[in-house]
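Protein sequence lines, in the order shown, are assigned to chains H and W.
Mapping of the first sequence onto my numbering: residues 1 to 519, in sequence order.
Mapping of the second sequence onto my numbering: residues 520 to 1038, in sequence order.
Ideal Cβ placement from N, Cα and C applies to all residues, glycine included.
None of these values were measured; they are calculated from a predicted model.
2 protein chains.
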Amino acid sequence: MFGFLAELAAKVGHELAPEIVSKLAINKFAGATTPRPRPYSLWSDQEGKICDYVSWPSLTDRSFFGRHLRAAPESFVDGLPVDTPYESEQNHGQVTGLFKRTSPIDCPRSSLLFPFFAQWFTDSFLRTDSNDRRKNTSNHDIDLCQIYGLTEKTAGILRTKTGGKLRSQFVGSEEYPDNLFDADGEVKADYSALPYVSNEKVFEILNRFGDAEDRKKNYFASGLERGNSSVGYTAISTLFLREHNRLCEELQSRNPGWDDERLFQTARNINIVLLLKIVIEDYINHIAPIETPIFMVDTSFPEEEEWYRTNWISIEFDLLYRWHGLIPDEMTFGGQDYGPSEFMLNNSVLMEHGLGGIIDAGSRQKAGRISLHNTADFLLGAEYAAIKMGRDYRLRSFNEYRTQFGLDELDDFDDLTSDQNLEAELKGLYGDIDNLEFFVGLFAEEARDGALFGELMTTMVASDAFTQALTNPLLSTRVFNAGTFTKYGMKMIKRTSSLRDLVDRNVKNPADVKVSFAR
Amino acid sequence: MFGFLAELAAKVGHELAPEIVSKLAINKFAGATTPRPRPYSLWSDQEGKICDYVSWPSLTDRSFFGRHLRAAPESFVDGLPVDTPYESEQNHGQVTGLFKRTSPIDCPRSSLLFPFFAQWFTDSFLRTDSNDRRKNTSNHDIDLCQIYGLTEKTAGILRTKTGGKLRSQFVGSEEYPDNLFDADGEVKADYSALPYVSNEKVFEILNRFGDAEDRKKNYFASGLERGNSSVGYTAISTLFLREHNRLCEELQSRNPGWDDERLFQTARNINIVLLLKIVIEDYINHIAPIETPIFMVDTSFPEEEEWYRTNWISIEFDLLYRWHGLIPDEMTFGGQDYGPSEFMLNNSVLMEHGLGGIIDAGSRQKAGRISLHNTADFLLGAEYAAIKMGRDYRLRSFNEYRTQFGLDELDDFDDLTSDQNLEAELKGLYGDIDNLEFFVGLFAEEARDGALFGELMTTMVASDAFTQALTNPLLSTRVFNAGTFTKYGMKMIKRTSSLRDLVDRNVKNPADVKVSFAR
């Protein structure tokens, strides 16, 4: 799979035009698996039992996660063959132990800005319902719900209703999302109807830190319930909020007759496409295991392809994106170290160092490597839950997923990794490579040839990303034009291909700010 | 457009294989307009004003009707140029008068079974929300919600929960849907959670007849609130309910290990595909303006086509299907005449004559012609409402829709009709053919060359039908197989291409029952 990419990349600009290379590479990944509609989903019968047969809800009810492969046979226990010891709680704990970080392993290529963006980006569509983990509460679209919310009603609450803008606050010349709480620590009346405000769980976690009242002072009103989860997340939201409000001003000066609604809708349309450009041309190009960036947003061909289908986020996409290894035990901003309890749910770090300061520091620090044995302790519970989901929902084995995505099955654990300790450890737990669980295999597979992770994860990330980003209705040939975005909007879209471009327009002294997913 | 069809039909079987002819004809109609995603919808801003610009909700929120063409400019009043007199209430009444039946005009081809089926069929997806007419309460899919409801919750209420079956009652050997009310005229406890039961409006209409208590005795529990609206509707629902329960028995005997859920889901999967087969191979072939049936369900090619897109019912489709002219002033069953107050909301007619009796009588009577000046008085209010919707939502003119669907603009009213009185009447109201409203034009355009209605209506019906029936997920190449339907189910699907086939399996003494959309 990756040899193909390297060959293509070598031809860019002389043998093949960049657009052709991009199209060929996108189609290679997007076509790696069968297109939607998929026959199965996490829809379950009335007793909650996962169904391994096709039903009308499995074909149509997008409140449930989709799935790429039919559930494993029921004769498996917890999704694994009954002849193996993996169904036990003890085994579940042992497998979780595979993820535990003993000493930190650095990512060979990525800066901390990469997980900042990845976490923020995926929170908009990998939205496991905490009350029912079979369900996904997203719209299945890249819709910038982090700043606009999941519905027009939420957007309405977050809007100023003048000039198309989103509510915000200024601290000096720095613009941030508005505070959710008033000076007395109560949710402001304007925000009382935000959907997550009635959910006490969301704020419960604040109390764990012992200084909830302090943290509430800078807790932002946001589109999603996890909108304040970490300094990196809040920084990216702030950047897109600034761009939205900047776009509104530019649109208003060029279209003085437009009302608030049209300014809002048009700025949002542009902003979503800017995000799509950054996702494909900056983020995915960084992930791709090649040195030359080759992927680009090209609206000319996707509608002709069989993978151009309405989005439906799959459970496999949800699980594979648990890149906890990226998160270091500590982060450094302005020369000061911050542990998890300080960089999580604590916007005072952002306010102190400013948006430029956080992005710059993030771009200069190493992320951790995405692999086994590299998850910080505070995230091991999440690994345990992910393994449980894979078993509860009877996901097929690692090798079966390789086949589904056009890759050869592996014959042995030494095909998976050159780390002999890990090989022995996996062999001890699974016996045969064909028993290896999907989730564990994804993270066990060695990153080769400059990739950030193994071949299956790279293929699946790219496949799911292209078939759910390039299908965005704003990129349809009948929508992607100046009638939708205005001439100014089209110019902004053309001029944006990286997070750098957004920083240049929205952060003070941008020349002093490093912006890079690569370290 | 229709010359093309006649040429194709003449080649079936010698020059071209039937599958090729079907594919060419389907693609001709399905490709007559631009494919989805459509830029605009009936989504409106927060003041309820129709928006003529692209917004995220206009691209994604399917709770609103879609629209094929952008709203007409605001300088029009009520959707029409301010220089014409058509914005007035007086004009609205005059235009409604165009529909009034003076003396009944017969349909040249269709039996009454045709409107029975058409009304029943379209009630599942042309579901204008009575509280907000911009909205469509359907799932936008052909999902047999008439008998299964719009959600799994409703389906659960209508199911027996044993053997996969739907609740029903037997009157002698004749199976019907179960009664909604108990002997005391109260909604049975089992049905109290049906979504429409809490809506008093639904039952209010019963009281208009003066014998509500009698009618309640045979009022059926159904999937939709209009499930008892007329004897024809209830007959078709009864037929599909019988087929569902019959399929369950056949599936159970072949798969003794299956639980209720799997039997239900599999029978529904088969039943929906049987409906799709009947829609394309019986109903659409009847509508098509050619003598030889050429359209068939063929799952081999739709996924390769650009029109293969997730469904989104448009307001134009909703309006064009108001085929009130089909409904005669009286219907005859068993030699007895019934007026609207008797054939509406009155299942005793069905119980008295039996399912076979109603279908036979329907097949032997003439339907009315779909045209202006042929709407029965009791339906004129519906025409008034339809004209109002076209104006409120600023639909484009008849000629603009012709262009959008690949047809030439008409130059004059005499291109529209050879009826000189009608021509004069329309000229008096509209002046110029370019001012002619979409809705009125559809019904004014003369049916030529054996068509049931004018060229634009035929083209739009076929285009919207093919692009929303053949996109059903059950017809996907990865779903349409014995794994989904069982071998028995595949055999039933293969053996069903007309309503006749369903009658043969579910009505007693079928040889005595005429079943035909043609008279």
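Residue i, buried or exposed, once every other Cβ within 10 Å from all chains shown has been counted against 16
i          : result
Pro-775(W) : exposed
Val-515(H) : buried
Thr-922(W) : exposed
Ala-712(W) : exposed
Ser-741(W) : buried
Thr-102(H) : exposed
Ser-314(H) : buried
Ser-819(W) : exposed
Pro-289(H) : buried
Ala-518(H) : exposed
Gly-354(H) : buried
Ser-111(H) : buried
Minimum Cβ-Cβ distance from residue i to chain H less than 7 Å
i           : result
Tyr-752(W)  : no
Pro-714(W)  : no
Trp-831(W)  : no
Arg-586(W)  : no
Glu-671(W)  : yes
Val-792(W)  : no
Arg-781(W)  : yes
Leu-578(W)  : yes
Asp-571(W)  : no
Arg-787(W)  : yes
Gln-784(W)  : yes
Thr-1003(W) : yes
Pro-775(W)  : no
Where residue i sits in the DSSP three-state scheme
i          : result
Val-273(H) : helix
Gln-336(H) : strand
Ala-447(H) : coil
Leu-527(W) : helix
Ala-15(H)  : Per the sequence shown, residue 15(H) should be read as Glu rather than Ala. The answer is coil: DSSP assigns Glu-15(H) none of H, G, I, E or B.
Lys-153(H) : helix
Phe-99(H)  : coil
Gly-356(H) : helix
Thr-647(W) : strand
Ser-22(H)  : helix
Thr-978(W) : helix
Residue range of the beta strand (DSSP E) that includes residue i
i          : result
Cys-107(H) : 106-111
Ser-687(W) : 687-690
Lys-135(H) : 132-136
Lys-885(W) : 885-887
8 Å Cβ cut-off: residues of chain A touching residue i
i          : result
Thr-553(W) : Reference to chain A is not applicable here, since the protein chains of this structure are H and W.
Supposed close pair residue i, residue j - CB separation, criterion 8 Å
i          : j          : result
Ile-358(H) : Val-171(H) : Their Cβ separation, rounded to whole angstroms, is 14 Å, which puts Ile-358(H) and Val-171(H) out of contact at 8 Å.
Phe-333(H) : Ala-361(H) : 5 Å
Tyr-715(W) : Thr-757(W) : Actually they are not in contact, since the Cβ atoms of Tyr-715(W) and Thr-757(W) sit about 19 Å apart, beyond 8 Å.
Val-816(W) : Pro-37(H)  : Going by Cβ atoms, the distance from Val-816(W) to Pro-37(H) rounds to 17 Å, so no, they are not a contact pair.
Ile-147(H) : Phe-240(H) : 5 Å
Residue i: first and last residue of the uninterrupted alpha helix (DSSP H) it sits in
i          : result
Pro-696(W) : Taken as a continuous stretch (DSSP letters only), Pro-696(W) belongs to no alpha helix (DSSP H), being part of the beta strand (DSSP E) at 693-696.
Arg-921(W) : 917-923
Asp-520(H) : Any question about residue 520(H) goes unanswered here, given that chain H covers just 1 to 519.
Gln-46(H)  : From DSSP, Gln-46(H) is part of no alpha helix (DSSP H); its letter is neither H nor E.
Asp-801(W) : It is not in any alpha helix (DSSP H) - Asp-801(W) carries neither H nor E in the DSSP assignment.
Ala-32(H)  : Taken as a continuous stretch (DSSP letters only), Ala-32(H) belongs to no alpha helix (DSSP H), as it is neither H nor E.
Glu-437(H) : It is not in any alpha helix (DSSP H) - Glu-437(H) carries neither H nor E in the DSSP assignment.
Ser-237(H) : 231-254
Pro-57(H)  : 56-60
Below-7 Å beta-carbon distance, residue i vs any chain W residue
i          : result
Thr-84(H)  : Summary for Thr-84(H): the model assigns pLDDT 47, below 50, so the residue's position carries little reliability; its value from the coordinates is reported in the next sentence. Closer than 7 Å: no.
Gln-468(H) : no
Pro-73(H)  : no
Asp-415(H) : no
Asp-45(H)  : yes
Trp-56(H)  : yes
Residue i: CB within 6 Å of a non-hydrogen atom of the ligand ADP
i          : result
Gln-336(H) : Ligands are entirely absent from the displayed structure, and the ligand ADP is therefore not among its contents.
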